[in-house]
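For the record, in the sequence shown the residue sitting at position 427 is 427 according to the UniProt record's numbering, with numbers rising by one throughout.
Note that CB positions come from ideal geometry on N, CA and C, so glycine has one too.
These numbers were taken from a predicted model, which means no experiment stands behind them.
Read through the structure below, which is laid out as structure tokens, and then see the notes.
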Amino acid sequence: MVQESLQFNAKNKMNLKHFHNHRVHLIGIGGIGMSAIAEILSKGGVKVQGSDVSETYITEHLKKIGVEVTIGHSPDNLKDASLIIRSTAIKDDNIEIIEAKRRFLKILHRAEALAEILNGLKTVAITGTHGKSTTTALTGAICFDASLRPIIVNGAFINQFSSNVLTGTGNLAVIESDESDESFLVPPSDLAVVTNMDAEHLDYYGSVERMQASYKKFILKTIDKGPCFICNDHLELSKLSKNINNSNIITYAINTEADIKASNIEVIENGTKFNLIFNPTFAEKFSVKSLQENNLFLSLYGQHNVYNALAALGIGLTLGINIDKIRESLRNFGGVKRRFTKVGIVDGVMIVDDYAHHPAEIQATFSVARHIAKMRSGDVIAVMQPHRYSRLIKLMDEFAASFTDADFVILTEVYGAGEAKIENVNSEILRDKIIRNGKEVVGICHQYDELKPMLQKIAKPNDIVIMIGAGDITKWSYKLAASSRLE
Numbered sequence: 001m002v003q004e005s006l007q008f009n010a011k012n013k014m015n016l017k018h019f020h021n022h023r024v025h026l027i028g029i030g031g032i033g034m035s036a037i038a039e040i041l042s043k044g045g046v047k048v049q050g051s052d053v054s055e056t057y058i059t060e061h062l063k064k065i066g067v068e069v070t071i072g073h074s075p076d077n078l079k080d081a082s083l084i085i086r087s088t089a090i091k092d093d094n095i096e097i098i099e100a101k102r103r104f105l106k107i108l109h110r111a112e113a114l115a116e117i118l119n120g121l122k123t124v125a126i127t128g129t130h131g132k133s134t135t136t137a138l139t140g141a142i143c144f145d146a147s148l149r150p151i152i153v154n155g156a157f158i159n160q161f162s163s164n165v166l167t168g169t170g171n172l173a174v175i176e177s178d179e180s181d182e183s184f185l186v187p188p189s190d191l192a193v194v195t196n197m198d199a200e201h202l203d204y205y206g207s208v209e210r211m212q213a214s215y216k217k218f219i220l221k222t223i224d225k226g227p228c229f230i231c232n233d234h235l236e237l238s239k240l241s242k243n244i245n246n247s248n249i250i251t252y253a254i255n256t257e258a259d260i261k262a263s264n265i266e267v268i269e270n271g272t273k274f275n276l277i278f279n280p281t282f283a284e285k286f287s288v289k290s291l292q293e294n295n296l297f298l299s300l301y302g303q304h305n306v307y308n309a310l311a312a313l314g315i316g317l318t319l320g321i322n323i324d325k326i327r328e329s330l331r332n333f334g335g336v337k338r339r340f341t342k343v344g345i346v347d348g349v350m351i352v353d354d355y356a357h358h359p360a361e362i363q364a365t366f367s368v369a370r371h372i373a374k375m376r377s378g379d380v381i382a383v384m385q386p387h388r389y390s391r392l393i394k395l396m397d398e399f400a401a402s403f404t405d406a407d408f409v410i411l412t413e414v415y416g417a418g419e420a421k422i423e424n425v426n427s428e429i430l431r432d433k434i435i436r437n438g439k440e441v442v443g444i445c446h447q448y449d450e451l452k453p454m455l456q457k458i459a460k461p462n463d464i465v466i467m468i469g470a471g472d473i474t475k476w477s478y479k480l481a482a483s484s485r486l487e
């Protein structure tokens with residue numbers, strides 16, 4: 001584990017002048033993006049406190065590094081705070097927001113705070129519907145290994161750094177940029193990656209057209225300054241980039257022609273092998289000596305992670321990092337928390353924790369699981385927690401069709417993430433649709449204690465149980481992995 005570079009010191013290039021005159025209170029401090037701001041400010045010597053509705057591994061991490069965290073919202077939590085930071089998830093009727101407005105305190109959105117912190121840094125911004133956390137982590141690790149001393153702000157814990165934040169001393173920042181509410185238009189983006197552009201967060205955007213227009217704004221604001229890497233295999237994203245038609249748009253792909261292309265992809269026991277083919281124009285522009293590189297090894301599973309690696313590799317080459325150094329980083333990458341994380345083995349059954357919560361992500365995760373299960377001569381058992389009623393109502397059929405590579409399915413109740421229930425949008429409806437698609441649904445778990453009896457009916461040694469979803473199902477994963485038996 002890295003120690004020295006995790007510590008903030010006087011050489012750090014981040015702009016914290018605006019914050020040092022304040023006691024900063026973060027409402028919803030347990031959110032992954034909010035926790036990153038809290039950690040940066042705290043390590044920079046700013047007085048930081050915050051509140052959230054529940055205790056999680058994120059709030060525990062913040063407490064360990066000295067951040068004051070209160071569980072539950074109350075006007076009293078603000079104490080003598082003079083600056084408030086909130087995320088989009090915190091609505092105007094939150095009692096702490098009401099109190100802050102009553103006191104006429106300054107309130108910043110998380111994206112505004114991040115933009116202030118990064119002011120003056122060369123920033124690599126990584127966005128997209130899926131894969132941005134892993135791509136950000138891979139890009140950050142490549143830059144760290146190349147001694148660029150990056151600042152990294154990620155949407156998931158990076159195992160190598162035991163945090164989602166690295167406060168490096170260089171003038172380069174690598175950030176995950178949030179597309180869910182157009183926040184990605186606020187922080188700087190001198191270089192960028194757009195991993196994909198699926199119909200998601202339509203509860204915010206209202207329409208696919210508005211969502212795509214927002215992505216276009218992000219790409220345009222980047223290419224004024226530097227390269228923007230686009231996944232050319234994503235049809236709508238490819239169309240969008242072709243309409244823009246700018247030499248600063250660089251493409252990567254597996255199935256179509258691109259500036260950087262992967263071929264001969266093979267999932268093996270401990271990761272994924274692939275070859276690289278470079279477009280001659282790209283190779284000349286960024287001083288890549290060979291048009292082909294063979295036998296790269298990525299310490300992650302699956303084609304979807306090869307896409308992530310291509311984007312990270314492209315950014316690395318753009319920054320002048322040697323291809324051999326990048327190879328080494330891909331081989332040694334330690335992964336990201338809740339991205340196909342093996343949390344334990346119980347009675348010979350592998351327990352995996354995964355954050356996937358969109359049909360495309362779920363399909364990719366189960367595809368990887370199928371490869372590994374085949375090597376183990378086992379079955380894939382999906383324990384899926386649907387996330388948000390608004391997402392489920394729009395993508396119900398897509399969710400029902402995403403279990404192709406699962407042998408058995410167990411559902412939990414919907415994790416609302418603060419949303420109100422929507423009539424006739426529930427796990428029972430999803431179950432019926434999955435069954436009509438020919439998959440066996442063992443049952444619906446209403447609480448953790450119901451899970452083991454269901455698993456006992458179907459699980460056998462060498463099977464893989466994937467606990468999948470963006471809600472609190474991760475707690476079930478670790479609880480199950482801590483069991484001595486499935487019985």
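Where residue i falls, given that 16 or more other Cβ within 10 Å makes a residue buried
i, result
"I71", "exposed"
"A420", "exposed"
"S291", "In the sequence as presented, Ser is not what sits at residue 291; that position holds Leu. Answer is exposed; the Cβ neighbour count stays below 16."
"R331", "exposed"
"I223", "buried"
"K242", "exposed"
"A470", "buried"
"I249", "buried"
"K337", "buried"
"Q447", "exposed"
"M1", "Here M1 scores only 34 on pLDDT, less than 50, and its place in the model is too uncertain to base an answer on."
Among the options, nearest to residue i - alpha-carbon criterion
i, options, result
"Y301", "T365, G50, P187 and Y205", "T365"
"K102", "I444, P75 and G155", "A small correction: the amino acid at residue 102 is Arg; Lys does not occupy that position in the sequence shown. Taking only the C-alpha atoms, the option nearest R102 is P75."
"G66", "K79, A89, S35 and N77", "S35"
"E257", "I277, G335, A113 and E266", "I277"
"T129", "E361, I458, I410 and K452", "E361"
"G44", "E179, A470 and N15", "N15"
"Q456", "H73, D432 and I410", "I410"
"H73", "N94, I429, I321 and L451", "N94"
"H358", "V349, L395, G30 and T127", "L395"
"L319", "L41, F144 and V153", "F144"
"D178", "G168, H201, I158 and T281", "H201"
"K475", "L451, R485 and G348", "L451"
"I126", "E112, G120 and N154", "N154"
"K91", "G418, G226 and S147", "G418"
Separation of residue j from residue i, as counted between CA atoms
i, j, result
"I98", "A309", "44 Å"
"N437", "E398", "11 Å"
"A141", "S133", "12 Å"
"K64", "S162", "12 Å"
"D203", "S287", "44 Å"
"E440", "I345", "24 Å"
"D353", "M467", "5 Å"
"Q3", "T56", "In this predicted model, Q3 has a pLDDT of only 35, less than 50, meaning its place in the structure is not dependable enough to derive any value."
"C445", "P461", "22 Å"
"V193", "G314", "9 Å"
"Y355", "G335", "13 Å"
"S189", "R110", "16 Å"
"A115", "T135", "20 Å"
"E182", "H304", "24 Å"
"V479", "T412", "Residue 479 is actually Lys in this sequence, not Val. If I take the Cα positions, the gap works out to 15 Å."
"I372", "I158", "23 Å"
"Y415", "R388", "6 Å"
"N9", "T169", "For N9, the predicted structure reports a pLDDT of 44, less than 50, and the residue's modelled location is therefore unreliable. A value from the coordinates is still provided. If you take the alpha carbons of N9 and T169, they lie about 8 Å apart."
Residues near residue i in its chain [Cβ-Cβ closer than 7 Å; skip 5 each side]
i, result
"residue 489", "Because the chain is modelled from 1 through 487, residue 489 falls outside the range shown and cannot be assessed."
"A38", "L26, I29, V48, G50, L62 and V67"
"R370", "V380 and D405"
"S180", "H201 and Y204"
"A312", "T135, L138, T139 and I142"
Contacting residues, own chain, Cβ-Cβ under 6 Å from residue i (five flanking each side not counted)
i, result
"A253", "N232, D233 and K261"
"residue 492", "What the structure shows of the chain is the stretch from 1 to 487, and residue 492 is not part of that stretch, so it cannot be assessed."
"S483", "V346"
"A199", "V208"
"R376", "N462"
"N279", "D259"
"I429", "none"
"A481", "V343, G344 and I351"
Integer Cβ distance of residue i from residue j, believed to fall under 8 Å
i, j, result
"T123", "A173", "4 Å"
"K195", "G131", "Residue identity differs from the one stated: residue 195 is Thr in this sequence, not Lys. Contact holds; Cβ gap of about 4 Å."
"L83", "L108", "7 Å"
"I32", "N246", "Not confirmed; about 32 Å, so no contact."
"S214", "L185", "7 Å"
Residues near residue i by beta carbon distance below 8 Å, same chain, minus five either side
i, result
"F333", "A137, L138, A141, Q160, L298, S299 and L300"
"A401", "P359 and N437"
"V306", "I254, A262, I265, T272, F274 and L298"
Test: residue i CB closer than 9 Å to a CB of chain D
i, result
"Q385", "The chain inventory of the structure shown lacks chain D, comprising one protein chain alone."
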